[in-house]
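Down below is the structure, laid out as C-alpha cells.
Residue numbers (our numbering), protein chains in the order written: chain A, 148 to 562; chain B, 148 to 562.
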C-alpha cells in the first residue's frame with residue numbers, strides 16, 4: 148500500500164493563487180522556481196482506476212523487510228534523539244565499505260556525509276559551489292531538480308544539449324567547452340542519466356574532468372544510477388564508468404548519492420555526499436543549518452541496506468534489465484517510436500511519430516491508454532518530442548503497459 | 148539508548164583542515180558559516196562517564212511508544228514510496244485540528260506544509276523572505292541556527308539585543324524599530340525564546356506586527372515552545388501569547404513549527420510551516436528542490452502524536468515546570484548566580500559571578516562538575532556572560548546536576 152491509496156477525497160487541497168499580489172514579497176528567484184512537470188501529469192492521473200504509473204523515478208517494490216526491521220528496531224529502542232550532523236559513524240563506515248567494494252576506493256569514512264535525501268546532497272553541493280550570479284553547466288535534457296536547486300541558490304543553469312543519433316544520447320564536448328564563461332562555477336553531470344539513459348564513457352569523464360581542471364570548476368557527479376548499467380554482462384560487480392576511475396586526490400568533485408534506487412527506499416529521503424574530507428566542517432554546517440541531520444533510526448535501516456543488501460540490489464538490476472528489453476522491444480516493433488535502448492538508468496526516453504506536443508500527450512495517454520508517462524518537456528531543453536517511461540517494475544505490469552501502449556500506437560499514432 | 152552510546156572509538160573521524168586552499172572554491176558566505184558553539188562543548192564532554200548533559204535543547208525521554216508504533220506499522224505496511232511534497236493530507240488535517248484546538252484557528256489544512264524538521268521550516272521561510280544583500284532582524288541572544296540559515300541564504304542577520312533587568316529579558320521596541328533599514332526584509336521572532344526564556348506579551352506581538360506592517364516586512368514566527376509556558380497556571384490549554392492572537396488574514400507571517408519538543412521527537416526531523424495558502428506552490432517547490440518531502444511512515448507517527456499525544460504533552464510541560472523550579476531555586480539560593488526564572492521554554496539562562504569567559508567555563512564545568520551546559524556565546528550578541536541549562540529532564544538527574552553545580556559554585560565561584 149502507498150500513501151496514495153488512503154488519500155481523503157478532495158485533497159490535495161485548494162488550488163493556489165498564481166499571480167496574487169500577496170506573493171510579491173517572495174524573493175524573485177524563489178517565486179520563479181518551476182513547478183515540477185512530472186507532478187503535473189501525476190496529479191492528473193493519480194487516482195484513475197487501473198492506471199499503470201510509469202511516470203515517476205521509482206519502482207513498485209516496497210523497501211525490503213530486513214531494512215525496515217533494522218529501522219523499526221532502532222526506533223523502538225529509543226534512537227529518537229539528536230544525532231551526529233555528519234551521520235552515524237557506523238553508517239559512514241558502512242558507506243566506505245560499500246564504496247570500497249563497488250568502486251575500488253580506499254576505505255575512508257571521512258569522505259562520506261549522510262544527507263536527508265539525494266536531493267539534499269545536490270542542494271548542499273550546489274550551496275558550496277554556486278551563489279547569486281554564478282552559472283552551472285548541465286547537459287540536457289536532465290532531471291529538473293538539479294537545475295531548480297541551482298536557481299534556488301541564486302545561480303543560473305546553462306543547458307548544453309546532448310547530441311542525439313542512432314546510438315542514442317551522447318555528450319557534445321565542443322559545446323560543453325564553449326558553454327564555459329567567467330561566471331561558470333560548476334558542471335553537473337548525471338551518469339547513467341535520467342531521463343536519457345546516457346552513460347558517460349571513461350573518455351567522456353576524462354574530458355569533463357580536464358575541462359573542469361582547466362577552468363577551476365567544481366564537478367557535481369550524480370552517479371546514483373551507477374549500478375543500473377546494461378553495457379556489459381550483469382552481475383553484482385557491474386557498474387557504469389565513474390569519476391572515481393579517473394580522478395586524483397585534490398580534484399574538486401562532489402558526488403551526490405541516494406539510497407532511493409538501489410535499495411527501493413525512495414520514500415525514506417536518505418542519501419549521502421561524498422567529498423574531500425577537508426570540506427567536512429562546511430558540509431556539517433550546511434546540514435546543521437538546513438535540516439540538522441537525519442533520524443538515527445532511519446540510518447540504522449541504511450546500514451542494513453549497505454551491509455546486507457547486495458542480493459536485493461542484484462535482483463533489482465536484473466529485473467530492470469528485463470523490463471527494459473520487454474517494453475523497448477515491444478515499442479520498437481511497432482515502427483512508430485524513435486527509441487534507442489538505453490545502456491543505463493531505468494527509463495526509456497523516446498519520441499512518438501507525429502506527436503510533438505508531449506505535455507498534452509502525457510495527459511492523452513492517461514485518458515486513452517491508462518498509462519502514465521512523463522513528458523520530455525519536464526526535463527528541460529532537448530526534451531521536446533520525448534516521453535519518459537520508467538521500467539523499474541514487474542513483468543506483468545510492464546507487459547500490460549506495453550500491450551496498452553502498442554494498441555494505442557497502432558490505433559492512433561499516425562493520426 | 149541513544150546513538151551516542153554505540154559510537155565506535157576514534158569517531159567522529161579526522162579533524163578538518165581549516166584554511167586549506169582546497170576550500171577557496173567554496174562560496175564565501177557558505178565558508179563563513181559558523182560552527183555551532185553548542186556542538187563544541189558537546190564534543191568535548193560527550194563521552195565522559197557520569198556526565199549530565201544539559202547543553203542540548205532536548206529532553207531525556209525517548210519518543211513515546213504510541214508514536215513509534217504508528218510509524219513502524221506504516222513502514223512495515225510498505226509506505227516507503229514518494230509522497231506528497233506538502234505532506235500527507237491526513238497529517239495536514241491533523242495539524243489543522245491541533246492548531247484549531249490550541250490557538251482557536253479556523254480548521255484549514257491548506258495553511259500547513261510538512262517539513263523535514265523545524266530547521267527546514269526556518270530554512271524555507273528564509274528562502275522565501277530573503278536573498279543576497281537583504282537583512283533579517285533577530286532579537287539576541289537567540290538560537291544561532293536562524294541567523295546562520297539567513298547567512299546561508301546570502302542575507303545578513305541584524306541582531307537587536309534584548310533588554311535585561313530584574314524581571315529578565317524583554318524586547319526593546321525602540322531599538323527594534325531603529326534597526327529597520329531599506330534592506331530589511333524580515334523580523335525573526337522566537338517566543339517563548341531559546342535561550343533566554345523570554346515570552347512576548349500580546350502587546351509585544353502587536354508592536355512587532357505594526358512595525359512589520361509599516362515597513363512591508365515578513366515576520367517569521369518561531370513559537371515552537373508555545374506550550375512550554377509557565378506564566379499562568381498549567382493545564383492542557385495553557386500556551387503563550389501568539390501572533391495567531393493578533394494577526395489578520397493578509398499579514399505576511401510565516402510560522403515555523405516542529406514535533407521535536409512537545410512530543411519528544413527531536414531525532415525525527417519533522418516539522419511544519421504555517422503560511423497563507425497562496426504561498427502553497429512556492430513552498431511545495433522549495434520542499435521539492437531541497438529534500439523532496441518527508442517519509443510517509445514518519446508522518447504517520449506525527450499524526451499519532453497530534454491525535455493521541457495531548458496527555459503526553461501535558462506531562463512534558465508539568466515536568467519541565469517542576470524541573471525549572473528545582474534547579475532555579477537551588478542555584479538562586481547560592482547567591483552566586485544572576486538568574487531570573489524564565490516564564491517559558493525549557494532553559495535557564497544565567498550568569499555566574501566572576502565568570503565572564505563562558506566558552507571556557509563550559510569546558511571547565513565539564514571537567515570540574517561533570518555537568519554539560521552551553522555557553523551563552525553560542526547564542527550571539529548579548530549571550531556573553533551567560534550559560535544555558537536545559538531543564539527538560541527528570542527530577543533525579545536535575546537534582547543531582549543541581550547538587551553538583553551548587554557544590555562547584557560554593558567551592559569555586561568566587562575564586
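For every residue, glycine included, the Cβ atom is placed at its ideal position computed from N, Cα and C.
- The C-beta of residue 520 of chain B comes no closer than 9 Å to any C-beta of chain A.
- By a beta-carbon distance limit of 8 Å, residue 212 of chain B does not contact residue 528 of chain B. Their separation comes to about 43 Å.
- Within the segment 430-442 of chain A, those residues whose Cβ lies closer than 9 Å to any Cβ of chain B are, in chain order, 431, 432, 433, 435, 436, 437, 438, 439, 440, 441, 442.
- Under the three-state reduction of DSSP output, residue 279 of chain B falls in the coil class, being neither helix nor strand.
- A straight-line Cα-Cα distance of about 13 Å links residue 534 of chain A and residue 501 of chain A.
- The closest CA to that of residue 274 of chain B, considering only A/190, A/241, A/176, A/361, is found on A/176.
- Pairing residue 283 of chain B with residue 367 of chain B gives a Cβ-Cβ distance under 9 Å.
- A straight-line Cα-Cα distance of about 20 Å links residue 219 of chain B and residue 409 of chain B.
- Between residue 314 of chain A and residue 540 of chain A, the beta carbon gap of about 26 Å keeps them out of contact (Cβ cut-off 8 Å).
- By the Cβ-count criterion, residue 196 of chain B is exposed, with fewer than 16 other Cβ atoms from all chains shown falling within 10 Å of its own Cβ.
- Rounded to whole angstroms, residue 459 of chain A and residue 209 of chain A show a C-alpha spacing of 12 Å.
- The Cβ-Cβ distance between residue 272 of chain B and residue 420 of chain B falls below 9 Å.
- Taking a cut-off of 8 Å for Cβ pairs, the segment 384-404 of chain A and the segment 440-449 of chain A do not touch, as fewer than three such pairs fall below it.
- If the five residues before and after residue 338 of chain A are omitted, its C-beta is found closer than 7 Å to the C-beta atoms of 345, 346, 347, 370, 387, all from its own chain and listed in chain order.
- Counting C-beta pairs closer than 8 Å gives fewer than three between the segment 471-479 of chain B and the segment 249-263 of chain B, which falls short of the contact rule.
- Between the segment 222-229 of chain A and the segment 420-436 of chain A there are fewer than three C-beta pairs closer than 8 Å, too few to call the two in contact.
- In this structure, residue 281 of chain B sits near residue 174 of chain A, with a CB-CB distance shorter than 9 Å.
- Classified as buried, residue 331 of chain A has 16 or more neighbouring CB atoms from the shown chains inside 10 Å of its CB.
- Note on geometry: alpha-carbon atoms of residue 217 of chain B and residue 227 of chain B lie some 14 Å from one another.
- Sorting A/512, A/542, A/518, A/498 by C-alpha distance to the C-alpha of residue 532 of chain A places A/498 at the top.
- Excluding residues up to 5 positions away in sequence, 295, 298, 299 lie with their Cβ nearer than 7 Å to the Cβ of residue 180 of chain B in the same chain.
- Using a 10 angstroms sphere on the CB of residue 325 of chain A, the tally of other CB atoms stays under 16, which defines it as exposed.
- Between residue 409 of chain A and chain B, the shortest Cβ-Cβ separation is not below 9 Å.
- Residue 249 of chain B is not bridged by DSSP to any residue.
- Approximately 18 Å separates the beta-carbon atoms of residue 357 of chain A and residue 276 of chain A; this is outside 8 Å, ruling out the contact.
- For residue 215 of chain A, the C-beta contacts it makes with chain B under 9 Å involve 219, 222, 223, 225, 227, 444, in order along the chain.
- Contacts between residue 362 of chain A and chain B, judged by CB atoms closer than 7 Å, are missing: the closest CB pair is about 11 Å apart.
- Counting only residues of its own chain and dropping the five nearest sequence neighbours on each side, residue 301 of chain A has a CB closer than 8 Å to the CB of 176, 277, 278, 279, 280, 281.
- Between the alpha carbons of residue 182 of chain B and residue 432 of chain A lies a gap of roughly 6 Å.
- Buried is the label assigned to residue 343 of chain A, since at least 16 other Cβ atoms lie within 10 Å of its Cβ.
- CA-to-CA, the gap between residue 519 of chain B and residue 169 of chain A works out to about 46 Å.
- In this structure, residue 434 of chain B lies away from residue 309 of chain B, with their beta-carbon atoms at least 9 Å apart.
- By the Cβ neighbour-count rule, residue 423 of chain B is buried, with 16 or more other Cβ atoms within 10 Å of its own.
- For residue 275 of chain B, the chain A residues whose Cβ falls inside 7 Å of its Cβ are 173, 174, 177, in order along the chain.
- In the displayed model, residue 271 of chain B falls within a helix according to three-state DSSP.
- Cβ atoms of residue 188 of chain B and residue 509 of chain B come within 8 Å of each other, at about 4 Å.
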